[in-house]
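Enquirer: Have a look at the structure that comes next, please.
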Amino acid sequence: MKQNICAWALAAASVVTASPEKVHEDSLVSSHLSKRGLNADGDYVMSFFHVNDVHAHLDEFASSGADCTNPSRGCYGGYARIKHAVDELRPQHEDSLWLNAGDEFQGTLFYTYYKGEKIAETINQLGFDAMTLGNHEFDGGDDELGDFLANLTFPIISANIRSEHPVLNQTIIPYKIFEKQGIAIIGCTTPTTINISRPGPGTQFLDVIEHVQAAIDEIKATTSIKRIVALTHIGYDQDQILAQSTTGLSLIIGGHSHTPLGNMGSSPQGAYPTITKDTAGNEVFIVTAYRWGEYLGYIDVTFDDEGRAISYDGGPVHLDNTTVQDQELQRQIKEWRAPFEELAAQVIGFSNVELVQSTCQTEECTLGNAMADAIQYYRDGFADFSLINAGGIRAAIDAGDITRGEVLTSFPFGNAVTEITMSGADVLRLLEGCVSRVSKFNGNPLTSGFQISKTLKVQYNPNLTAGSRLVRALINGQPIDTAANYVIATLDFVAGGGDNIFPIQTGFVPLDLQDEVLVRYFNQTSPINTQIEGRIEKVAEIPSGNSTTTTPVSTPVSTPASTPISTPVSTPVSSSVSIPDSTSTLRTSTRTRSCKSRATKTLN
């Protein structure tokens with residue numbers, strides 16, 4: 264349903280705690296406008312279009328993120344739709360920038376088969392003005408990323424990356440100044456990349472706040488630029504921290520956390536834009552565009568003569584299967600798909616249930632259960648249990664026939680199964696770290712949730728202090744013997760310290776690839792009926808004399824802790840663990856200060 268776009272933002276802005284000051288309902292402005300008495304002719308309006316976390320979804324996709332094989336159930340995104348939308352919208356705005364907040368790599372067979380080649384060819388045709396790097400751009404190492412960057416025709420910006428790699432060193436710049444618009448765009452990339460991807464040893468990820476502020480200060484000291492924007496890949500929570508910890512930014516365009524804002528998705532986590540204040544008390548607008556290219560982010564920002572953001576208009580554009588595709592780009596994408604189409608379409612099993620991915624980071628999920636069980640099935644007789652990182656689970660698998668393409672889309676990273684032997688005492692430390700999201704081995708945050716096989720059951724109390732939340736852990740129904748040794752089946756990425764789940768291991772032997780293990784499991788055990796079984800269970804402790812009993816509560820698993828964008832101060836934790844028993848046309852206004860409703864758009 265077509266709705267006016269402004270009042271929705273007024274209502275949505277109250278969703279987050281960092282909301283703008285209350286203003287009259289038909290005046291969508293910040294506090295600075297009324298204080299300074301600026302008139303309409305004295306302000307500068309800039310339009311920003313943005314995407315983030317496309318994850319190789321060059322072609323349209325189903326709501327699960329897998330290939331769109333049934334258009335009647337809805338098809339979304341794809342760069343042919345994005346290109347059509349941008350080509351139609353940008354000419355309607357006198358001054359605009361088109362920005363990419365990173366994570367183009369990983370997520371579909373377009374990356375698995377071509378690596379960065381076709382992604383580069385595609386996004387060059389989109390004509391981005393600048394892009395920052397996401398953590399997944401480093402998944403293939405610095406050489407692969409260097410090949411990708413060498414083929415791009417627009418600037419790559421990240422103020423907190425330093426690299427000895429010759430191409431990265433020459434290509435990545437801290438910021439880009441757009442002289443015509445009188446604006447500077449500063450990039451930054453999550454420092455957790457070192458733990459969640461595979462950058463080379465000569466590539467560093469420095470403190471975000473320090474280096475963004477340094478870039479702001481340099482721009483102000485060496486140019487006349489006052490309008491400064493950050494293009495980030497650090498996550499929505501960290502975007503707010505960045506805004507609140509620096510001075511000089513007016514707008515942050517983010518990625519990394521796949522956060523729905525405004526009318527995006529079924530459970531938006533804040534307003535579009537979210538508004539907070541910097542250290543000087545100036546308002547900073549924060550936007551992000553969910554994931555995979557289902558939405559085109561769009562916001563008009565009005566700046567005063569000091570470069571401060573004083574009002575906004577616009578709203579994210581929903582790209583569904585009613586949105587026109589750019590025909591030439593879609594033709595190319597279909598041609599690129601042909602070499603892997605037959606492999607992707609191969610049916611390897613059948614599921615009676617949808618294998619859900621969306622909840623894997625925060626609770627037990629059916630696709631996580633299936634993958635962990637597949638690894639346990641593969642290593643039956645050798646491993647006591649399997650444990651994997653939730654961050655490696657990328658898309659759901661629908662009920663019905665399961666194809667090889669779905670498996671590769673859900674688990675695209677090419678990780679190998681491996682095994683680690685740990686003492687029972689260290690297993691308890693490992694599990695405490697998983698439920699607390701803080702490692703018992705080094706005191707640093709974990710950057711992913713976890714999933715486990717049916718041979719392990721974990722109970723924890725989230726109300727207890729982090730580092731002391733594990734209440735009970737059973738392997739095959741038996742308490743863990745702290746003096747015994749246990750074999751854990753996991754992934755080589757996780758064993759090597761990825762996501763800070765395990766202490767870094769060396770000398771482990773990579774076995775079969777994760778996706779092949781899952782293909783065999785589906786082939787041999789179909790039909791699949793994986794359910795939620797209470798493998799990871801939140802409980803409340805009820806003291807009774809000297810004993811502790813547990814009472815299950817409804818919410819299954821903890822909410823992940825926020826990962827800091829600055830280097831965390833490690834607090835050692837004890838090594839001992841106690842275990843008790845709408846539809847609209849492609850037309851938008853250039854500038855609107857008085858409007859009474861606002862909504863996410865759907866393009867035709």
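Every position in the sequence shown, counted from 1, becomes a number in the numbering used here once 263 is added.
All C-beta atoms, glycine included, are put in the ideal place defined by N, C-alpha and C.
1) How many angstroms separate the CA atom of residue 610 from the CA atom of residue 701?
2) Residue 871 to residue 456, Cα distance in whole Å?
3) Is the beta carbon of residue 631 less than 8 angstroms from the beta carbon of residue 656?
4) Along the chain, where does the alpha helix (DSSP H) that runs through residue 721 open and close?
5) By alpha-carbon positions, which one of 732, 406, 688 ends up nearest to residue 428?
6) Could you tell me the distance, in whole angstroms, from the CA atom of residue 618 to the CA atom of residue 768?
7) Identify which residue in 555, 681, 383, 450 has its Cα closest to the Cα of residue 469.
8) Give me the residue from 722, 362, 761, 413 with the minimum Cα distance to residue 516.
9) Classify residue 387: buried if its beta carbon has 16 or more other beta carbons within 10 angstroms, exposed otherwise.
10) Determine the contact status of residue 565 and residue 541, defining contact as a CB-CB distance below 8 angstroms.
11) Could you pull the start and end residues of the beta strand (DSSP E) that residue 565 belongs to?
12) Could you compute how far the alpha carbon of residue 628 sits from the alpha carbon of residue 532?
13) Per DSSP, what are the beta-bridge partners of residue 753 in this structure?
14) Whose CA, out of 318, 330, 343, lies closest to the CA of residue 592?
15) Rounded to the nearest angstrom, what separates residue 668 and residue 608 at their Cα positions?
16) What is the DSSP secondary structure of residue 467, counted as helix, strand or coil?
17) Between the segment 573-583 and the segment 365-377, are three or more C-beta pairs nearer than 8 angstroms?
18) Here's a check: name, in chain order, each residue in its chain whose Cβ is nearer than 7 angstroms to the Cβ of residue 664, leaving out the five neighbours to either side.
19) Under 6 angstroms Cβ to Cβ from residue 716, same chain only, skipping five residues before and after it: list those, please.
20) If you draw a straight line from the alpha carbon of residue 676 to that of residue 319, how long is it in whole angstroms?
21) Within its chain, find whatever has a CB closer than 6 angstroms to the CB of residue 492; leave out the 5 residues flanking it on each side and keep chain order.
22) Are the Cβ atoms of residue 550 and residue 535 separated by less than 8 angstroms?
23) Answer with buried or exposed for residue 797, where buried requires no fewer than 16 other C-beta atoms within 10 angstroms of its C-beta.
24) Return yes when at least one heavy atom of the ligand HEM lies under 7 angstroms from the C-beta of residue 467, else no.
25) With DSSP collapsed to three states, give me the class of residue 795.
26) Take the Cβ of residue 315 as the centre, count every other Cβ of all protein chains shown within 10 Å, and call the residue buried at 16 or more, exposed below.
27) Quick one: give me the first and last residue of the alpha helix (DSSP H) that residue 783 is part of.
28) In or out: residue 487 buried (at least 16 other Cβ within 10 Å) or exposed?
29) Is the beta carbon of residue 420 sitting closer than 8 angstroms to the one on residue 439?
30) Should the segment 379-396 be regarded as contacting the segment 576-583, the criterion being three or more beta carbon pairs within less than 8 angstroms?
31) Quick check: the Cα distance between residue 714 and residue 404, rounded to an integer number of angstroms?
32) Among 345, 782, 326, whose alpha-carbon lies nearest the alpha-carbon of residue 528?
33) Out of 781, 340, 489, 750, state which residue places its alpha-carbon closest to the alpha-carbon of residue 645.
34) For residue 680, count the other beta carbons within 10 Å of its own beta carbon; 16 or more makes it buried, fewer makes it exposed. Which is it?
35) Run through DSSP, which three-state label would residue 661 get?
36) By DSSP, does residue 312 sit in helix, in strand, or in coil?
Expert: Once the coordinates are examined:
1) By one-based count along the sequence shown, residue 610 stands at place 347. By one-based count along the sequence shown, residue 701 stands at place 438. In a straight line, the C-alpha of residue 610 is about 40 angstroms away from that of residue 701.
2) Nothing about residue 871 can be reported from this structure: the residues present for the chain run from 264 to 867 only.
3) For this step, residue 631 is matched to residue 368 along the sequence shown. For this step, residue 656 is matched to residue 393 along the sequence shown. Yes, the pair counts as a contact, with Cβ atoms nearer than the cut-off.
4) Counting from 1 along the sequence shown, the entry for residue 721 is found at position 458. From DSSP, residue 721 is part of no alpha helix (DSSP H) but of the beta strand (DSSP E) over 719-723.
5) Taking the sequence shown and counting its residues from 1, the one referred to as residue 428 is at position 165. Here the closest residue by C-alpha is 406.
6) Residue 618 sits at position 355 when you count from the first residue of the sequence shown. Residue 768 sits at position 505 when you count from the first residue of the sequence shown. Each residue's alpha carbon lies about 31 angstroms from the other.
7) Within the sequence shown, residue 469 is the residue found at index 206, counting from 1. Residue 450 is the option with its Cα nearest to residue 469.
8) Indexing the sequence shown from 1 puts residue 516 at position 253. Measuring from the Cα of residue 516, the nearest candidate turns out to be 362.
9) Stepping through the sequence shown from its first residue, residue 387 is reached at position 124. Exposed.
10) The residue you call residue 565 lines up with position 302 of the sequence shown. The residue you call residue 541 lines up with position 278 of the sequence shown. Their beta carbons are not under 8 angstroms apart, which means residue 565 does not touch residue 541 by this criterion.
11) Start at 1 with the first residue of the sequence shown, and residue 565 comes out as number 302. From DSSP, the beta strand (DSSP E) with residue 565 extends over 558-566.
12) To locate residue 628, count along the sequence shown from 1; it is residue 365. To locate residue 532, count along the sequence shown from 1; it is residue 269. Cα to Cα, the separation comes out at about 21 angstroms.
13) Within the sequence shown, numbered from 1, the residue matching residue 753 stands at position 490. According to DSSP, residue 753 bridges with 681.
14) Along the sequence shown, read from residue 1 onward, the residue named residue 592 stands at position 329. The shortest C-alpha separation from residue 592 is found at 343.
15) Along the sequence shown, one-based indexing puts residue 668 at 405. Along the sequence shown, one-based indexing puts residue 608 at 345. Taking the straight line joining both Cα atoms gives about 6 angstroms.
16) Reading the sequence shown from its first residue, position 204 is the one you call residue 467. It is a strand residue.
17) no
18) Within the sequence shown, residue 664 is the residue found at index 401, counting from 1. Excluding sequence neighbours, residue 664 sits near 610, 613.
19) As a first step, residue 716 is located in the sequence shown; it is residue number 453 there, counting from the start. The answer, listed in chain order, is 635, 636, 639, 648, 649.
20) Along the sequence shown, one-based indexing puts residue 676 at 413. Along the sequence shown, one-based indexing puts residue 319 at 56. Going from the Cα of residue 676 to the Cα of residue 319 covers about 12 angstroms.
21) Walking along the sequence shown from the start, residue 492 turns up at place 229. Same-chain partners within the cutoff: 448, 514.
22) Position 287 of the sequence shown, counted from the first residue, corresponds to residue 550. Position 272 of the sequence shown, counted from the first residue, corresponds to residue 535. Yes. Within cutoff.
23) By 1-based counting over the sequence shown, the position of residue 797 is 534. The residue in question, residue 797, is exposed, as its Cβ has fewer than 16 Cβ neighbours within 10 Å.
24) Questions concerning the ligand HEM fall outside what the structure shown contains, since it holds no ligand whatsoever.
25) Residue numbering aside, residue 795 sits at position 532 when the sequence shown is read from its first letter. Residue 795 falls in the coil class under three-state DSSP.
26) The residue labelled residue 315 in the question sits at position 52 within the sequence shown. Counting Cβ neighbours within 10 Å, residue 315 comes out buried, since at least 16 surround it.
27) One-based indexing of the sequence shown puts residue 783 at position 520. Element bounds for residue 783: 777-788.
28) Locating residue 487 in the sequence shown gives position 224, counting from the first residue. Its Cβ having fewer than 16 others within 10 Å, residue 487 is exposed.
29) As a position in the sequence shown, residue 420 is number 157, starting the count at 1. As a position in the sequence shown, residue 439 is number 176, starting the count at 1. A contact, by the Cβ cut-off of 8 angstroms.
30) no
31) Taking the first residue of the sequence shown as position 1, residue 714 is located at position 451. Taking the first residue of the sequence shown as position 1, residue 404 is located at position 141. Taking the straight line joining both Cα atoms gives about 26 angstroms.
32) Sequence index remark: in the sequence shown, residue 528 carries index 265 (1-based). Closest option to residue 528, Cα to Cα, is 326.
33) The residue given as residue 645 occupies position 382 in the sequence shown. Among 781, 340, 489, 750, the Cα nearest to that of residue 645 is on 750.
34) Stepping through the sequence shown from its first residue, residue 680 is reached at position 417. Buried, since its Cβ has 16 or more Cβ neighbours within 10 Å.
35) Within the sequence shown, residue 661 is the residue found at index 398, counting from 1. Coil, per DSSP.
36) Within the sequence shown, the letter at position 49 stands for residue 312. In the structure shown, residue 312 sits in a strand (DSSP, three-state: E or B).
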